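Okay, structure first, notes after.
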């Protein structure tokens with residue numbers, strides 16, 4: 562499928578690329594809203610994340626991009642001379658070179674609130690999957706087995722939340738009825754105040770790693786991994802790790818070693834250094850791997866898409 566033909570009625574009108582591999586929302590608050598504001602919308606024809614060259618091919622004459630996870634590097638942006646607005650359908654901007662957008666005066670929007678509940682729910686689901694060994698039992702029954710693997714309860718566990726922002730707070734709310742002891746690490750005074758007000762014990766990062774039986778990552782991306790070999794060695798034997806935040810937070814080689822030798826009982830990842838992930842963690846039975854689907858519920862995607870559409874229309878001056 563090639564680039565859609567431009568409508569004669571919209572010749573000279575602003576154009577936008579809907580870059581995500583799927584775009585679910587139609588109607589007056591979704592994709593149809595662009596036409597109502599005299600904006601021509603072009604969809605991703607490939608059904609997957611676009612490459613850099615595909616972004617340039619599809620968006621070379623576009624004024625705006627509704628962005629998924631495609632690379633919007635300085636090199637890509639330099640080849641998009643008309644671009645003046647990017648609206649991310651997601652909470653982060655890791656795929657966008659913000660220095661380049663600032664230098665060009667390109668406005669960048671995101672949707673930080675819409676994915677919160679869905680990511681928090683996935684996090685709790687992955688905790689229970691690891692504790693009850695659901696992934697192992699599912700594979701065994703599909704293979705014709707009927708094992709009675711002994712799991713562990715969530716009640717009474719010490720759960721450490723690294724990053725007590727929107728999603729970390731939502732996870733804390735969801736975990737409270739399970740009877741966990743919640744500890745957290747976050748340098749923000751506002752996050753620390755929230756934690757103290759909600760029965761979350763605030764610790765230094767190393768203290769959290771040394772005491773939590775389950776560690777959850779909900780921190781922003783960093784220049785170096787938060788969890789490398791030294792940090793993983795601080796975690797108690799048999800601890801569990803869940804990352805639904807940023808792939809850059811974990812040294813995947815060090816995690817592979819910790820899971821392989823049994824120092825960690827299990828890990829669940831929804832995000833990776835490089836996606837799609839095709840690394841050695843996929844061969845480990847104590848690694849639960851999902852394909853970056855934290856926000857992928859129908860309700861959440863609809864809310865994110867509507868918000869991203871509204872931002873892009875606003876950014877192009879059509880409000």
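Numbering (this note's numbering), first residue to last: 562 to 880.
A virtual CB, placed ideally from N, CA and C, is assigned to each residue, including glycine.
All values reported here derive from a predicted model rather than from experimental measurement.
Could you please give the first and the last residue of the uninterrupted beta strand (DSSP E) stretch that includes residue i?
i: residue 626; result: 625-628
i: residue 848; result: 848-850
i: residue 601; result: 601-604
i: residue 648; result: 646-649
i: residue 778; result: 775-778
So the alpha helix (DSSP H) residue i belongs to, where does it begin and stop?
i: residue 772; result: 766-772
i: residue 699; result: 695-703
i: residue 636; result: 635-639
i: residue 585; result: Here residue 585 belongs to no alpha helix (DSSP H), and DSSP marks it neither H nor E.
i: residue 661; result: 659-665
i: residue 752; result: 750-758
i: residue 596; result: 593-597
Measure how close the beta-carbons of residue i and residue j come, nearest whole angstrom, since I'm counting them as under 8 Å.
i: residue 625; j: residue 876; result: 7 Å
i: residue 722; j: residue 745; result: 4 Å
i: residue 850; j: residue 819; result: The Cβ separation is near 16 Å, so there is no contact.
i: residue 725; j: residue 747; result: 4 Å
i: residue 672; j: residue 649; result: 7 Å
i: residue 840; j: residue 815; result: Not confirmed; about 13 Å, so no contact.
i: residue 739; j: residue 716; result: 6 Å
i: residue 551; j: residue 775; result: A query on residue 551 cannot be resolved here, the shown segment of the chain reaching from 562 to 880 and no further.
i: residue 535; j: residue 799; result: Since the first residue shown for the chain is 562 and the last is 880, residue 535 is missing from the structure and cannot be characterised.
i: residue 677; j: residue 727; result: 5 Å
i: residue 796; j: residue 770; result: 5 Å
i: residue 586; j: residue 592; result: 7 Å
Out of the options, state which residue places its alpha-carbon closest to the alpha-carbon of residue i.
i: residue 581; options: 840, 710 and 632; result: 632
i: residue 684; options: 734, 641, 698 and 656; result: 734
i: residue 837; options: 762, 718 and 630; result: 630
i: residue 697; options: 852, 846, 854 and 659; result: 846
i: residue 679; options: 806, 812, 874 and 870; result: 806
i: residue 573; options: 732, 602, 583 and 816; result: 602
i: residue 675; options: 657, 865 and 749; result: 865
i: residue 619; options: 873, 657, 577 and 651; result: 577
i: residue 900; options: 703, 695, 732 and 707; result: Outside the modelled stretch of the chain, which goes from 562 to 880, sits residue 900, for which no answer is possible.
i: residue 863; options: 651, 717, 621 and 832; result: 651
i: residue 551; options: 823, 682 and 787; result: With the chain covering only 562 through 880, there is no way to say anything about residue 551.
i: residue 828; options: 777, 859, 839 and 840; result: 777
i: residue 750; options: 764, 645 and 740; result: 764
i: residue 612; options: 810, 720, 830 and 656; result: 656
i: residue 609; options: 594, 634 and 579; result: 579
i: residue 742; options: 584, 857, 707 and 718; result: 718
i: residue 615; options: 823, 638 and 773; result: 638
i: residue 756; options: 736, 773 and 730; result: 730
Return helix, strand or coil for residue i, following the three-state DSSP convention.
i: residue 880; result: Reliability fails at residue 880, whose pLDDT of 49 lies under 50, so the model's placement of it is uncertain and the value that follows must be treated cautiously. Three-state DSSP puts residue 880 in coil, outside helix and strand.
i: residue 799; result: coil
i: residue 577; result: strand
i: residue 619; result: helix
i: residue 842; result: helix
i: residue 874; result: helix
i: residue 864; result: helix
i: residue 829; result: strand
i: residue 611; result: coil
i: residue 668; result: strand
i: residue 793; result: helix
i: residue 655; result: coil
i: residue 567; result: At residue 567 the pLDDT is 39, less than 50, meaning the model places this residue with poor confidence and gives no usable figure here.
i: residue 562; result: Because the pLDDT at residue 562 is just 32, under 50, the model does not fix this residue reliably, and the value given afterwards should be weighed accordingly. Coil at residue 562, not helix or strand.
i: residue 632; result: coil
i: residue 761; result: coil
What residue ranges within the stretch 670-747 form continuous beta strand (DSSP E) runs of no fewer than 3 residues, ordered along the chain? 719-723 and 742-746
If you scan the stretch 803-827 from start to end, which runs of the beta strand (DSSP E) of 3 or more residues do you find wholly inside it? none
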